[in-house]
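Q:
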Amino acid sequence: LVTILDAVGVQKRDEFLDIGSGHGMLVLAAALLYPHLQASRGVEIVPHLQEQALIYQQQLEEHHHQIKSGSDSSIGTVSSNLADIDLLLGNIYDPDPQLTSILKRTTIAVCFATTWSRLF
Numbered sequence: 031l032v033t034i035l036d037a038v039g040v041q042k043r044d045e046f047l048d049i050g051s052g053h054g055m056l057v058l059a060a061a062l063l064y065p066h067l068q069a070s071r072g073v074e075i076v077p078h079l080q081e082q083a084l085i086y087q088q089q090l091e092e093h094h095h096q097i098k099s100g101s102d103s104s105i106g107t108v109s110s111n112l113a114d115i116d117l118l119l120g121n122i123y124d125p126d127p128q129l130t131s132i133l134k135r136t137t138i139a140v141c142f143a144t145t146w147s148r149l150f
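Residue numbers are given in this note's numbering: position 18 of the sequence shown equals residue 48, and the series is strictly consecutive.
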């Protein structure tokens, strides 16, 4: 992710979108590694994956707050901010008005297509 985002030159106020965000790892990593992003968002069509992503988001935000407040010193210094994170349930092929608005504002998008199929 860092290689890709550094190659495109992430700028302050860029809006990142992971299409097919699954568990949200790229979205959360972008928010943590590039806190100057305007937003780090993901859209996922599979409900249980999006639900898990929201749990991971909550855990990251809680841990980040603990580190910033000094109650967790297991990690050295961290940025004082995280980029705004939004993990949506939606269909990129049939976007609702909220997703349409996000797509219009997105300046950096990634889509890693991983397909698992059964072999017979």
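Using N, Cα and C, we set each Cβ at its ideal position, and we do this for glycine too.
Going by other Cβ atoms of all chains shown within 10 Å of its Cβ, with 16 needed for buried, is Phe142 buried or exposed?
A: Looking up residue 142 in the sequence shown gives position 112. Label assigned to Phe142: exposed.
Q: Considering only DSSP beta bridges, list what Ser70 is partnered with.
A: Here residue 70 refers to the residue found at position 40 when the sequence shown is read from its first residue. DSSP lists Phe46, Ile115 as partners of Ser70.
Q: Whole angstroms is fine: what's the gap from Ala113's alpha carbon to Gln41's?
A: Residue numbering aside, residue 113 sits at position 83 when the sequence shown is read from its first letter. Residue numbering aside, residue 41 sits at position 11 when the sequence shown is read from its first letter. If you take the alpha carbons of Ala113 and Gln41, they lie about 12 Å apart.
Q: Residues in its own chain within less than 6 Å of Leu56 by CB, not counting five upstream and five downstream?
A: Stepping through the sequence shown from its first residue, residue 56 is reached at position 26. Answer for Leu56: Leu31, Asp48, listed in chain order.
Q: So, at 7 Å on beta carbons, what are the nonlocal neighbours of Pro65 in its own chain, with the 5 sequence-adjacent residues on each side left out?
A: Taking the sequence shown and counting its residues from 1, one reaches residue 65 at position 35. Closer than 7 Å at Cβ, skipping near neighbours: Ser109, Asn111, Leu112, Ala113.
Q: If you measure between the beta carbons of Ile138 and Val38, is that distance less than 8 Å?
A: Here residue 138 refers to the residue found at position 108 when the sequence shown is read from its first residue. Here residue 38 refers to the residue found at position 8 when the sequence shown is read from its first residue. In this structure, Val38 lies closer than 8 Å to Ile138 by Cβ.
Q: Between the C-alpha atoms of Gln80 and Ala60, what's the straight-line distance to the nearest angstrom?
A: Here residue 80 refers to the residue found at position 50 of the sequence shown. Here residue 60 refers to the residue found at position 30 of the sequence shown. So the alpha carbons of these two residues sit roughly 17 Å apart.
Q: Does the separation of the CB atoms of His53 and Gln87 fall below 8 Å?
A: Position 23 of the sequence shown, counting from 1, holds the residue named residue 53. Position 57 of the sequence shown, counting from 1, holds the residue named residue 87. It is not a contact, given that the beta carbons lie outside the stated cut-off.
Q: DSSP three-state label for Leu140, please.
A: Translated into positions along the sequence shown, residue 140 becomes position 110. It should be pointed out that residue 140 corresponds to Val in this sequence rather than to Leu. In this structure, Val140 counts as strand in the three-state DSSP scheme.
Q: Alpha carbon to alpha carbon, what distance is there between Glu91 and Gly100?
A: Walking along the sequence shown from the start, residue 100 turns up at place 70. Walking along the sequence shown from the start, residue 91 turns up at place 61. One C-alpha to the other measures close to 14 Å.
Q: Which of helix, strand or coil does DSSP assign to Ser51?
A: For the purposes of this step, residue 51 is taken as the residue at position 21 of the sequence shown. Coil, per DSSP.
Q: So what does DSSP say about Gln128, is it helix, strand or coil?
A: Locating residue 128 in the sequence shown gives position 98, counting from the first residue. Gln128: helix per DSSP, three-state reduction.
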